[in-house]
Amino acid sequence: MQQYIARRLLFGLLTAILVSLMVFALMRIAPGDVAQMIALDASGGEASSITEETLQQIRESLGLDDALHIQYIKWVRDFATGNWGESFFTGRSVFSEFKTKFPVTLELVILSQILAVTLGIPAGIIMALKQDSRLDYIVRILSLAGLSVPSFWSATLLLVGGAYFLGWNPRLGYVSFFDNPIENLGQFIWPALMLGYISAATKARMMRSTMLEVLRQDYIRTAHAKGLAAFVVTARHALKNAFIPVVTVIGITTALALGGSVVMERIFTLPGIGNYILDGMLRRDFPVVQSLVLVLATSVIMVNLLVDLSYGWLDPRVRFQ
């Protein structure tokens, strides 16, 4: 077990390094001059007052005139020591902004996955137990729609359709859970539902597939032959074994939810990490995008590791080698 964890951590470290190289390179090759953007922001959009000398001073002050490998080494060294840098445009610490914005994203992701598991797993079990029934076909159509329609499109339809046909809009903006729990849940329930719909659809279809496979096994037939009630056979013998492959899907959909939170936060005006990263990408705010993308990538790596380790608890037959 220890050797397996060490290998996975080493693999995760290599993955994080690759992600850091990719985001560092993509920010540099993106079109536009970040020094000019900063100068325009500082001058109130007056491009005529910006000189080449001013741009060079900005590059020197931010270290943008250093060689690329020097910039990368400095960034990685500072990130590893807890110095995530400061925003080029606001001057505020990226780490301080992270501490205030990450709880918003975390709440959105957790609530979306709670809804996804609550809706998707029972739906998959029902589809398997009621195979080829009318209910099975209805739930399969709904799950297929969840897989086919992007979450941002569903959210846009919710906002536009609700306003146009019903004169209703979900609550936008953000209120802390500790200030007003009811208002907070009212703001998060719709973006979480839109973000969790595709996750629920994925879980439901996987749960149906694995459940049908398990229900055809000989030990399930034996349990029925011994006179055990159908509920007991399903809950005690079939469900646990069918659930093991679904654990992988939960890890994957959690990672996808972290990425999908960028769009959901933008549409529903939630001040989370995703919205902050998107603003940084549009303005080419290197410290913001580089540091926070690496943090999210590391979070995904750790989630996948925890999911893999949970196999041993769910199935004692699994051995980590």
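Everything in the sequence shown is counted per the working numbering, starting at -10 for the first residue and increasing by one.
Glycine is no exception: its CB is placed at the ideal position from the N, C-alpha and C atoms.
Just so it is clear, the structure is predicted and the values come from calculations on it, not from any experiment.
DSSP places His213 in the uninterrupted alpha helix (DSSP H) bounded by Asp207 to Ala214. Contact between the segment 234 to 247 and the segment 267 to 284 is absent, with fewer than three C-beta pairs closer than 8 Å. In the structure shown, the three-state DSSP call for Ser132 is helix. Less than 8 Å divides the Cβ of Leu148 from the Cβ of Asn158. The criterion of a C-beta distance shorter than 8 Å is satisfied by Ile209 and Val222. Between the beta-carbon of Leu184 and that of Ser137 there is about 16 Å, and that puts the pair past the 8 Å contact cut. Taking Gln176 as reference, the option from Ala24, Val282, Val292 and Ile256 with the minimal CA-CA separation is Ile256. Bounds of the alpha helix (DSSP H) holding Leu15 are Gln(-9) to Ile18.
Using a Cβ distance threshold of 8 Å, Ala112 and Ser132 count as a contacting pair.
Using a Cβ distance threshold of 8 Å, Met116 and Ala231 do not count as a contacting pair. Here Gly109 is not near Ala224, since their CB atoms are 8 Å or more apart. In the displayed model, Ser76 falls within coil according to three-state DSSP, outside both helix and strand.
Of Leu201, Gly249, Met270 and Leu245, the smallest CA-CA separation from His226 is found for Leu201. When DSSP states are grouped into helix, strand and coil, Ser280 belongs to the helix group. Nearest in C-alpha terms to Met11, of all of Arg197, Leu155, Val65 and Val106, is Val65. The segment 95 to 102 makes contact with the segment 245 to 265: 3 or more CB pairs, one atom from each, lie closer than 8 Å.
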